[in-house]
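Count along the first sequence from 1, add 8, and you get the number used in the working numbering.
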Amino acid sequence: MPHELPKAYDPSAIEARWAEYWVKERLFEVPASAVGPGRPVFCMQLPPPNVTGRLHMGHMLNHTQMDIMARWHRMRGFASMWLPGTDHAGIATQMMVERQLASEGKQRRQMGREAFVERVWEWKRHYGGAIVEQMKRVGDSVDWSREYFTMDENLSRAVREVFVRLYEEGLIYRGKYIVNWCPRCMTAISDLEVVHEETPGKLYEIKYPVIGTNEFITVATTRPETMLGDTAVAVNPRDGRYTHLHGKRVLLPLMEREIPIILDELAQPEFGTGAVKVTPAHDPNDFQAGLRHNLPQIDIMDETAHMNQNAGSYAGLDRFEARERVVADLQQRGLLAGMKDYVVPVGKCDRSKDIVEPRLSTQWFMAMTKQGKNGEASLAARAREVVERGEVRFTPENYKTIYLHWMENIHDWCISRQLWWGHRIPAWYCGEHQHITVAREAPAKCATCGSTSLTQESDVLDTWFSSGLLPFTSLGWPEKTRDQEIFYPSTLLITAYEILFFWVARMIMFGCHFMRDHKQDRSIKQAGGFADRADDSVPFREVYIHALVRDAERQKMSKTKGNVIDPIEIIQKYGTDATRFTLAAMASPGTDIAFNPARTEGYRAFANKIWNAARFIFMNMERAPGTLPNGVPLAAQALEDRWILSRLNRTAREVNEALDAYRFDEAAHRVYTFFWGDFCDWYIELSKLRLNAEEPEVVQAALAVLTTVFDGALRMLSPFMPFITEELWHALYGDKPPLKSIALAAFPETDDERIDERLEAEMSVLQDLIVSVRQIRHDLKVEPKVSAPIRVFADDGVRRLIEENREAVERLANVSGITFVDSELSKVASARHTARFDVVVEYEKKVDTAAERARLEKDLAKMEAEQANARRQLANEQFLAKAPEKVVEGLRKRAAELEVLIKKTREALDALA
RNA sequence: GGGCGGUUAGCUCAGUUGGUUAGAGCGCCUCCCUUACAAGGAGGAGGCCGCAGGUUCGAGUCCUGCACUGCCCACCA
């Protein structure tokens, strides 16, 4: 027996309890042994959140979509494995702990590396679980038994394995190049971590005196302070203006250093004066030019972007102070030829927002476009090819182009970071010669010279290096495990566009490389099939890129703008289910989500609607003890029973189709309109007729269908709203449910036999009649408490239908008796006519003639316009010849309908006069 | 500099391969506390589908141009 429910639904009263229950009962764990030929597999990798993270709206959307997918597949009989973990997030975590230290007046350098790293671990143990707890709270149905942390010992070992192998294959190398340097984070960062911004600045023109002449050569720069490190001036060999200066030297102002004029394509004649200063240690293009001409590289800055001894009298100045001083000094010497406003593209560090300094430094790189030793395709080429071939598919499709374009223009990846928190690079240098030994574990002696005095590389790896490996390292790699045979490649990855290159692209590169000989166990069916995809090295078959969640004004959420919406607050206010439903319903592909809490409020109302439907059903179950939703026979049910079953099956089919196409919005919309519209507005209202009957068997029969449909509706809603459906499903079975959780129950089957087009058409005639009567009553201002008789004209079929459902019409339209007449009712004021029936409400009150006339005239105008259009088309031979039969037939039918309706409307207008 | 997307009701968005009457939620107006639900019920108003051309029997949907708008990528001074 269901228990008594409070009148209003209070999510906070039930959610935490179920969240805990799901974890405690280990309902979503999928050991390899639970998978077999009879149990198809669906698998997803969670984009691991940073351990420092807190759940934000982006996560909430991502997790909602993944959870819907995981739960939907699970309920359809798949071994649905969603693999969770957290990321150690190198810079983010290190900075967070450093801030904490600063508040204690401590610094990491004073502590030393070992103590600092220990301190970070301590932090991780204390606070690192916050986001995991949040995931549990929002009901993510992940397999917690498989939870990883990217710095777990086994994952760290896998990282070293990968590094050593790639190094041995020549795909990882160490070298001195210009890298993106963040002076605030004091580490190199990758191209991807640099955000480009166009900033108003100045273009300075500086005169360099040409030695042995009275001439000056003028160069243009946006960064005058770097001139202190110039080692040449370049002009284009084709540039006639400078032919006479070929081979000459200039005296670098302020530094009074002689530097050559070189001929190089670096200088473009069209730009500025056509001459360009060359600073090999501070600009990537100049660096390349420097190599071509064997120029010295003079590094004038330290790691904090302050000038060093190489900058002469400017040493010690910050780079921007130095700029001002250099410009002032040049001006004083009369060497500043010009200074104009200029839009400068500056690169900023993604994390610290400090301006990135191109800096010459020795770093570790991963080769993206280099072929293997035996001529194998490069990492980038393989990663491109599998996407081109459709082995990995993107939704929305346009991300394929974006991905390919990026892959085609990729540069080598700087993977070393000057941090302490992270996977330390497994390379050792010998004290004597600085030979490099790369090894899985600390070597005893130098591989080259045998020296035993070894120091490990102090740099750690870019965080994305280890997360790029997760698709296989989280499944036990480098050991060959059963897990890999079953779950690699995973079925689907749902993630944000933001990390398409950071993470998705890298996973594809690593996967295709390290899993190239992998074979998935094809005796186990995979969700989606993928029979056409033969390549099992890819990390996943499908990638769904979700939208960006913005605020209600479509602004990107950011801490600085202060417009961040905290999902936890929304959840506390409206409940998790309503929050999830909002995000699902708004997730239409290709558009960002403007998150508006007003929408969530609406879905809280929806949850309340479900709750109250349950209260109604439970109340009636108490009158017929022992009733359980045991399914109902197909035949021998009332019209509305067969109708609602048809609608349920149709809706289940539509939801399946929508989710198959990742149309979360469509799916959510379908279940919403089914539950609120079909089930509550119509079916429950109709069922009251029989529920109020005297005969127990009538009540029983009605209740059987009602509970069965409700049970199905709950199961269909469950992936979207797991909490309320769990609560009500348990209650429906008197807290003795057939399974531990609705999450383990079956998603409603799509039974085409129960989809009955004719029945639905008949029902819609009844619905039309009921709505028409309600309209008339409203127009006539009939008191709501007064029921009034109606007169109906209809053909025999419709008439019989109405007669058979007389009570339904009477109840839902507040009618006190139906009289059938044998002639059209068009001449009666206030009558409504449709193609299937005319109806009049008998009521003594006067019709508002003016309003009625206005309404009829408006209808008439609209119909006449439509009729004119239909006639024109039907008279057009081209149309008749070329349009499909279905369309022509439909238009003919409509035209006939219009003719009748227009005639009736005209007569009604005449009658009014 | 390259690329991608958006423009449909007051607001936020749907609208499948072109096909008969362009939809939803919120908001708005009218009526109703009818014993599941006022977080509710019933009824209603509201749209030259950004602009201009073109293709087609037929265009919100395809093509071209324009306008506005957003995003991403980019080692050129």
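Heads up, the beta-carbon is just placed ideally off N, CA and C, and yes, glycines get one too.
Which whole-angstrom value describes the C-beta separation of residue i and residue j, a residue pair presumed to lie in contact below a C-beta threshold of 8 Å?
i	j	result
ALA21	ARG145	That pair is no contact at about 15 Å.
ALA916	LEU882	Going by Cβ atoms, the distance from ALA916 to LEU882 rounds to 26 Å, so no, they are not a contact pair.
ALA375	TYR175	That pair is no contact at about 11 Å.
PRO637	LEU740	7 Å
LEU69	VAL557	5 Å
ILE433	VAL468	7 Å
ALA330	TYR322	5 Å
GLN53	PRO486	Between PRO486 and GLN53 the Cβ distance is about 18 Å, and since that is not below 8 Å, they are no contact.
Below 7 Å between beta carbons: does that hold for residue i and residue j?
i	j	result
ALA345	LYS256	no
SER153	GLU37	yes
THR229	TYR212	yes
ALA615	PHE672	no
PHE373	CYS422	yes
LEU500	ASP491	no
ALA42	ALA87	yes
GLY237	ILE308	yes
ALA796	GLU850	yes
LEU427	GLY98	yes
GLN305	LEU368	yes
PHE755	ARG84	yes
THR158	SER474	yes
Applying the criterion that 16 or more other CB atoms from any shown protein chain within 10 Å of the CB defines a buried residue, is residue i buried or exposed?
i	result
SER461	exposed
ASN877	exposed
GLU332	exposed
CYS457	exposed
ALA504	buried
SER424	buried
ASP540	exposed
GLU396	exposed
SER111	exposed
PRO191	buried
GLY720	buried
GLU648	buried
GLU23	buried
TYR670	buried
THR207	exposed
ASN222	exposed
ILE254	According to the sequence provided, residue 254 is His. The question's Ile does not apply to it. Its Cβ having fewer than 16 others within 10 Å, HIS254 is exposed.
Return helix, strand or coil for residue i, following the three-state DSSP convention.
i	result
GLU915	helix
ARG182	strand
TRP90	strand
PRO797	strand
LEU647	helix
TYR941	Residue 941 lies beyond the stretch modelled for the chain, which goes from 9 to 921, so this question has no answer here.
MET315	strand
ASP95	strand
TRP737	helix
TYR898	One point to set straight first is that residue 898 is Gly, not Tyr, in the sequence displayed. Looking at GLY898 - three-state DSSP - the assignment turns out to be helix.
ASP856	coil
ASN664	helix
Just reading off the alpha helix (DSSP H) that residue i is part of, what are its end residues?
i	result
TYR175	161-176
LEU477	Taken as a continuous stretch (DSSP letters only), LEU477 belongs to no alpha helix (DSSP H), as it is neither H nor E.
PRO292	292-301
ILE573	Taken as a continuous stretch (DSSP letters only), ILE573 belongs to no alpha helix (DSSP H), as it is neither H nor E.
GLY610	605-631
Would you mind reading off the limits of the beta strand (DSSP E) that contains residue i?
i	result
ARG367	365-374
THR499	498-504
TRP436	435-438
GLN53	49-53
TYR552	548-554
THR226	224-229
PHE828	823-829
THR207	202-217
Examine the ligand MG and report whether any of its heavy atoms sits within less than 6 Å of the Cβ of residue i.
i	result
CYS457	The ligand MG is absent from the structure shown, which contains no ligand whatsoever.
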